[in-house]
Amino acid sequence: ANTQRDPTLFLLIHQTMSSTESSKRPRIDAKANVLMVGTGEYTTGYVGGTAADSDKGAGVVALTMFDLRRRGKVERVGMCGVNGKKFPGIRKHMQKNIGDVYKDMDLGCDTYPS
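Right under this line is the structure:
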């Protein structure tokens, strides 16, 4: 196998990285689609059929993803659980602890299994 580096490729990379734009952060206009795997306390704040008895009563991950969607950074939000049986309770919980508390939060999300 040929293990020599291609000098043309190095020059191309070097020129690209050396441009005046290299010091600027690239702008990404595309919105992320997010799948949250797990539906427990840290994700939703929902534990054993009620809000977690901790500082995570509204969850952390879902709250953050809905806020990022409100700010235009996230498009679709999905949540994956074991069997889908908790999703009706999770939806009510999120409405009470996020939707009724924070302004303009779209709590819509795809659930798997639904």
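Numbering-wise (this note's numbering), the sequence shown opens with residue 25 and increments by one. Heads up, the beta-carbon is just placed ideally off N, CA and C, and yes, glycines get one too. Just so we're clear, the structure is a prediction, and the values are computed from it rather than from any experiment.
DSSP-derived helix/strand/coil call for residue i
i     : result
Val98 : strand
Met60 : strand
Asp91 : helix
Val71 : strand
Cα-Cα separation between residue i and residue j, rounded to whole angstroms
i      : j      : result
Cys104 : Ser138 : 9 Å
Leu131 : Gly123 : 7 Å
Val13  : Lys127 : With the chain represented from 25 up to 138, any question about residue 13 goes unanswered, as that position is not in the structure.
Val106 : Arg93  : 25 Å
Cys133 : Val101 : 5 Å
Met118 : Leu59  : 17 Å
Nonlocal neighbours in the same chain, by C-beta distance under 7 Å from residue i, ignoring five residues either side
i      : result
Val85  : Met60, Tyr66, Thr67
Ile114 : Thr63, Thr68, Tyr70
Cβ pair count under 8 Å reaching 3, the region 69-80 against the region 90-103: Three or more Cβ pairs closer than 8 Å define a contact, and the region 69-80 falls short of that threshold against the region 90-103.
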